[in-house]
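Novice: FYI, the numbering for the sequence shown is 221 to 1425, going by this note's numbering.
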Amino acid sequence: MPVSLLWAVDVYGRVYSLSTAGQQWEQCRDAQLEFKRLTAAQQCCWGIACDNSIYLNVHASDLSVRYQEETYENQRWNPVGGFSDRLMPSDRWQWSDVTGLQHQPQDSFRLPSSSWEWESDWYVDENFEGEPTEKGGWSYAIDFPATYTKDKKWNSCVRRRRWLRYRRYNAMDTWAKIPSQKAPLPDPFSDISCGGWEITEEPTGRLSLWAASLQGKVWFREGIHHHNPEGSSWEEVPLPGEVVQISCGPGDLVWAVLWEGELIVREGIGRDCPKGTSWAVVESPSADVGATHVAVGTNVVWALTKDYKVWFRRGVNSHDPCGSSWISMVGEMVMINVGLNDQVLAISCEDRAVYFRQGVSSSELNGKTWKAINVPRDGDRSQSRASTNSLQSAGCFFSGEVLTQSAVSDVESDTEKGSTDVISASPESFVDAPTEMQQPLETPKPRIPKVTSDGFITELVSDDEPAKTSRGSGPAGPAVPEEEATSGEEALQAPGVGVVHPPSQSGGPLDPQWSNVDLEEAQSQQAQSGATLEAADSCSLSSVATYSLAMEDPCGIDGHPLWAWVSGGGCSVDSHSQLGWFGSLCEFNGTPTVVQSVQSMTLSVAPALTAAWRRQIFEQLSERTKREMDNFRHYEQAIEQSVWVKKGTMQWWRDWKPHKWIDIHFTLEQFSGPEGNKDGIIFIYYSFNEEKRYLHAFINEVTILVPVLSESKHTFAIYNPERTKQRWPIRLAAATELEMHDWLALLSVSCCDSRAIQGPPSKQAMWSVTCKGDIFVSEPSPSLDPVPCDQMFWRQVGGHLRVVECNSVGIVWGIGYDHTAWVYSGGYGGGFFQGLTSSADNIYTQTDVKSVYIYENQRWNPVTGYTNRGLPTDRYMWSDASGLHECTKTNTKPPPQWTWVSDWIIDFSVSGGTTREGWQYAADFPASYHGHKTMKDFVRRRRWARKCKLTTTGPWQEIPPIALSDITILPCAAQTSVDTIPLWAISNKGDVLCRLGATALTPAGSSWLHVGTDQPFKSISIGAASQLWAIARDGSAFYRGSVSPQSPAGDSWYHIPSPHKQKLKQVSVGRTSVYSVDENGNLWYRQGVTPSYPQGSSWEHISTNVRKVSVGPLDQVWIIADKVQGSLSLSRGTVCHRLGIQPMEPKGHSWDYGIGGGWDHITVRGNSMEPPRIRLPPMTQMSPPAPPRAAPDGSMEGDGTVRGF
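So this is what it looks like as structure tokens:
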């Protein structure tokens, strides 16, 4: 679980945060500000300070916040002076935006606030659609506007070039004031709420910020996204009434409370209209008592009424934001908040403690029970002092005696902190403060003062007449008895609680104003009041009337801090999270727990005694083992050979036509020899034409056992060298998923035993990933002789990844489908490997999220336009990408072991662009789709996406918080001794990152270093001598100069021209070789790469039908071939190895086929074991080169190109 923060404000306006991995409230000490409200997201926190200004705290990250400013310089050609700045009257501005409609000179750009700074001056962008332009960065056209090209032609009459400048947000982890608009707002804000980052179909990084003003107006902050966290401007939203409080959820839910106690719901919120369109009124949960507070999440709404009752709204979702009815819940709260995953937090009206709603899940949104968060703050007293005070003050509660020393010790402690002012005031000053429901006078409860800056909603809308009459005695009075309001002589002094005296004794003002809107004024009044501490001989708890606001440690009578506001919008917890917030390791009511006592006793043991004790036990055990083993050495083994058999029934996809599933009996016979070696045989018994037959496979010949993705059956495949060549494995189907996993685990262990492979993968292993996300490793041959690809043995490792990268010192990183980064922990097993087949430690829970896509297809007809009624020859109106399989919203299921975590939404991130409704148009099915309609377009389609989630286990630890799309690690040689390993990555936003502190002992590293780029990147690779290459999203290549251990980030990027009319998508760098794959599946080799000229000279075509490439530390070249012809069908996703690579022939000459298809990624960057070198004869005696090795199916030509496509 990634670490996230829970934010809270105490009654003094001090801001605290509590980590999900911590057990202590940490005070935010960056500025001397006092806050009234907070609203948090995962990446930032907004607040309203007591000066009524809005402040923003952006959490520091290794990925900096940068914003690109751009402007275009336009010129026109004239016969006299050529191109010049003198344009025609009808032309665009000389300096404009990309459309030419807005005037944008360079000096018109200003920093939005003091939180920004310029990274550099203006410079020309010399890259045009992935290709470098001529010097100057000009692109040419016939006229404005038109299609621009980088080449100047005879009819090029106009030209333009783009100027860029970046600004960086530098106010990280500090409260930065949001600048006011040109016209200041008419009244200050009273409430604020952020959310909207999960609005359906909204681009990633957007945020919605809603605010309510003191006059009851609602405002929306425009332009907030990850490149501009401050936003741009405030826009007023029309209302049906006056709003006192507002709440915004992560999705499209926005609720607000009106002055009259009714609630309103914002409707029409979506991707194109984040402010919504209209309001709908919802009645108060109680007909007699109005609502005072509301909190919304993704699918939940909670509310509070004036009597502090808690209510839950039933039936709320994105399709029905108003819900159906209210349900009364247990508890009395003054404030409530809904965080991530619909988790609920609240502040109790009784003790002002923060409570967490336990048991909230997707199946039980209202939870089960309230549990108080009981952890200390970083400013609390030490454990030893608290323990002493708690023991001294015990008499206050049990012996009827008040110890003066306890009060003195508290005063001394507060004096050390620099706060000795104590205010005394009558409880009459707090009659209007929110309290709990009326309690019997026989068992009164202490009252908590109302100290928030503008009060809670109850105080704003409550009736003052009952409050005035309640100051006397009688049943209508407050929870504090009348004698307490008139006499303070018998006040009880509890630890951390001030004694309150009436004005007649203290000489203070008759009606002090308790408000933290201006704490300086309040503190000055407190200093003038000058109360004294007294000890009274009384054990009555009801004599405590109120608390002093001048104490440095404002705590309730039970030791809890007094909280005024809490926000869980940035706190990522769920019903399964293990939190240490509930007092297991902290002090409760001043008394240390048993755990702390045991820890203190453990620390008293001297290290020297512990070491001697351990050494003595070790020596005794060694002597005993030696004595017992020597006595039995002459005995022979009881069993020299054993046979173990396991049988079962499954189905087999038979080899001959017509191919179909048939029932078979499956048997595994495993035997061990006298020397301990193990082997086995697989038998498949079936019937054909009423004749019993069987086929078999030796365990030591099995090359891989791989699960196969199937919607209807639980299938897996068994390969051996012969079937690898044929691309036709033994495909079996088990009755249940559990049975399939049992067989896979058993067969995998048998295969490893027969090959004497145990434990975790070696540092030299090759890693690969299937299109299903399963991870496999292959160990190099112990003899260092090259092994044919079809004979390599692959074993599965637990976990689920999309990309994995490694190097020879044992550092292995992976990236999931949801762009989460994972680092290999050193274990083995996980997933369906349990017990002895998995390591006991270094196995962790791993989650992954991916999207399932379906397509909605329509055809145009002259009568009704576009409809879902197609021609008889058309594809299904709801289909997959190919159109051959029908896929509707109802019959499309998630893959096995995955569960849905979202609804179907329109996907706008489709190649080629879409319209506002997500449609792509074409002339017919199938054809080239585009995002705009033309006269020749008769069909259209749009893509729908739905997210699903997988939870598994494996030897992987999460590296939060930056999402990655590509990773590369320096491929070290076998004898290399490097302290810090260079590790680079690309974020899912396209930023280039350099990982610092990655070593063999700490493979996760310490932090990210952001490396600036002019455009987003998508692939990166680092080779020997720190050669760093990268591919931009527009298909252009770049080389990073001056990268070294002394300068790990290098100095600048050098643009490398791409192959002619090709856009690159992936690059891999080895010792001296650089290979790249373009978007059309072509493999390219970079010629002319030398130490003096590492950029190389040109690209040379090597092969086609290549999906990915990996170059090892010895310039080995392995690829994933997109199409390979098998004996019965075409195989997609096959592992291939380049043969014939030598120092004098770095390109090789042919391919050797391995396992496949269904593979999606491979890395050989950890395999640095060199085979024995062969001494070549003199050049005059050299024989002609051997012909290239051809695959058994004859599908490879001499130049290495796959045929038949």
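From the three backbone atoms N, C-alpha and C, an ideal C-beta is built for every residue, glycine too.
The structure presented is a predicted model; accordingly, all values stated were derived computationally and were not measured.
Along the chain, where does the beta strand (DSSP E) that runs through Cys791 open and close?
Specialist: Neither: Cys791 is in no beta strand (DSSP E) and is coded neither H nor E.
Novice: Tell me whether Ile1201 sits in a helix, a strand or coil according to DSSP, three-state version.
Specialist: Coil, per DSSP.
Novice: Would you mind reading off the limits of the beta strand (DSSP E) that contains Glu442?
Specialist: Per DSSP, Glu442 belongs to the beta strand (DSSP E) from Val438 to Glu442.
Novice: Just confirm the distance between the C-beta atoms of Ala1143 and Lys1156, as a whole number of angstroms; I'd bet it's less than 8 Å.
Specialist: So it is a contact: roughly 5 Å between Cβ atoms.
Novice: For the putative contact between Trp383 and Thr291, defined by C-beta atoms under 8 Å, what is the C-beta separation to the nearest angstrom?
Specialist: Indeed, because the Cβ distance is near 5 Å, the residues count as touching under 8 Å.
Novice: Which runs of the beta strand (DSSP E) at least 3 residues long sit entirely within the segment 1001-1058? Give them in chain order.
Specialist: Within the segment 1001-1058, the complete beta strand (DSSP E) runs of at least 3 residues are 1015-1017, 1023-1026, 1032-1035 and 1041-1044.
Novice: Who does Pro927 pair with in a DSSP beta bridge?
Specialist: Paired residue(s): Phe936.
Novice: Taking Ile1201 as the reference, give the member of Phe1258, Trp1124 and Gly1225 with the closest Cα.
Specialist: The candidate whose alpha carbon is nearest that of Ile1201 is Gly1225.
Novice: Have a look at Leu258, Gln263, Gly233 and Gln244 and flag the residue whose alpha-carbon is nearest the alpha-carbon of Tyr1180.
Specialist: Correcting the residue type first, residue 1180 is Pro in the shown sequence and not Tyr. The shortest Cα separation from Pro1180 among Leu258, Gln263, Gly233 and Gln244 belongs to Gln263.
Novice: Using DSSP's beta-bridge definition, name the partner residues of His1381.
Specialist: Per DSSP, Val989.
Novice: Who pairs with Asp883 in a beta bridge, going by DSSP?
Specialist: Per DSSP, Gln871.
Novice: Residues in its own chain within less than 6 Å of Ser1288 by CB, not counting five upstream and five downstream?
Specialist: Taken in chain order, the residues that qualify are Ser1241, Tyr1295, Val1329, Ser1330 and Val1331.
Novice: Could you compute how far the alpha carbon of Leu429 sits from the alpha carbon of Val1024?
Specialist: Between Leu429 and Val1024, the C-alpha separation is close to 38 Å.
Novice: Measuring straight from C-alpha to C-alpha, what distance separates Phe1145 and Gly1346?
Specialist: For Phe1145 and Gly1346, the distance between alpha carbons rounds to 29 Å.
Novice: Distance, Cα to Cα, Pro647 vs Trp336?
Specialist: Low per-residue confidence applies at Pro647: pLDDT is 36, beneath 50, and the placement is therefore not dependable, though the value from the model is reported in the following sentence. Rounded to the nearest angstrom, the two C-alpha atoms are 49 Å apart.
Novice: Counting beta carbon pairs with one atom in the segment 1074-1088 and one in the segment 1097-1109, are three or more of them shorter than 8 Å?
Specialist: Enough Cβ pairs lie closer than 8 Å, so yes.
Novice: Identify which residue in Gln1011, Tyr1048, Asp1061 and Gln984 has its Cα closest to the Cα of Gln1030.
Specialist: Before going on, a small fix: residue 1030 reads as Gly here, not Gln. Looking at the Cα atoms, Gln984 is the closest of the given residues.
Novice: Inspect the beta-carbon positions of Asn347 and Ile362 and report whether they are closer than 8 Å.
Specialist: Going by C-beta atoms, Asn347 is not nearer than 8 Å to Ile362.
Novice: Among Thr887, Ser932 and Ala937, which residue has its Cα nearest to the Cα of His916?
Specialist: When each option's Cα is compared against that of His916, the closest is Thr887.
Novice: Tell me the DSSP secondary structure of Ala391 in three-state form.
Specialist: The answer is coil: DSSP assigns Ala391 none of H, G, I, E or B.
Novice: Tell me whether the beta-carbon of Asp1186 lies closer than 8 Å to the beta-carbon of Ser1239.
Specialist: In this structure, Ser1239 lies closer than 8 Å to Asp1186 by Cβ.
Novice: Excluding sequence positions up to five away, which residues of its chain have a Cβ less than 7 Å from the Cβ of Gly543?
Specialist: The residues are Val521, Arg533, Arg534, Gly535 and Val536.
Novice: Give me whichever residues DSSP pairs with Cys468 in a beta bridge.
Specialist: DSSP, once it has assigned bridges, lists Val474 as partnering Cys468.
Novice: Can you check the segment 1247-1325 for any alpha helix (DSSP H) of at least 4 residues that lies completely inside it and give the ranges in chain order?
Specialist: Correct list: empty.
Novice: How many angstroms separate the CA atom of Phe918 from the CA atom of Asp1372?
Specialist: Each residue's Cα considered, the two are about 24 Å apart.
Novice: Let me know the secondary structure DSSP gives Ile837 once reduced to three states.
Specialist: Residue state, collapsed to three classes: helix.
Novice: Since I believe Ile412 is in contact with Trp266 (beta carbons under 8 Å), could you give me their beta-carbon distance rounded to a whole number of angstroms?
Specialist: With a Cβ gap of about 6 Å, Trp266 and Ile412 count as contacting.
Novice: What is the DSSP secondary structure of Thr240, counted as helix, strand or coil?
Specialist: The answer is coil: DSSP assigns Thr240 none of H, G, I, E or B.
Novice: For Val231, which three-state DSSP category applies?
Specialist: Residue state, collapsed to three classes: coil.
Novice: Ser1059: which of Phe1052, Thr1065 and Tyr1048 sits nearest, CA to CA?
Specialist: Closest by alpha carbon: Tyr1048.
Novice: Report buried or exposed for Arg1136, applying the criterion of at least 16 other Cβ atoms within 10 angstroms of its Cβ.
Specialist: Its Cβ having fewer than 16 others within 10 Å, Arg1136 is exposed.
Novice: Are there 16 or more other CB atoms within 10 angstroms of the CB of His1357, so buried, or fewer, so exposed?
Specialist: It is buried - the Cβ of His1357 has at least 16 other Cβ atoms within 10 Å.
Novice: To the nearest angstrom, report how far apart His446 and Gly357 are at their CA atoms.
Specialist: In a straight line, the C-alpha of His446 is about 29 Å away from that of Gly357.
Novice: Gln746 to Phe1128, Cα distance in whole Å?
Specialist: With a pLDDT of only 43 at Gln746, under the threshold of 50, the placement of this residue in the model should not be trusted, and no figure is reported.
Novice: What does the alpha-carbon distance come out to for the pair Ile1431 and Asn1387?
Specialist: In the structure as shown, the chain begins at 221 and stops at 1425. Residue 1431 is therefore absent and cannot be evaluated.
Novice: Residues in the same chain with beta-carbon distance under 6 Å from Ser467, minus the five sequence neighbours each way, listed in chain order, please.
Specialist: Counting only Cβ-Cβ distances below 6 Å, and skipping sequence neighbours, we find Ser413, Trp475, Val514, Ala515 and Val516.
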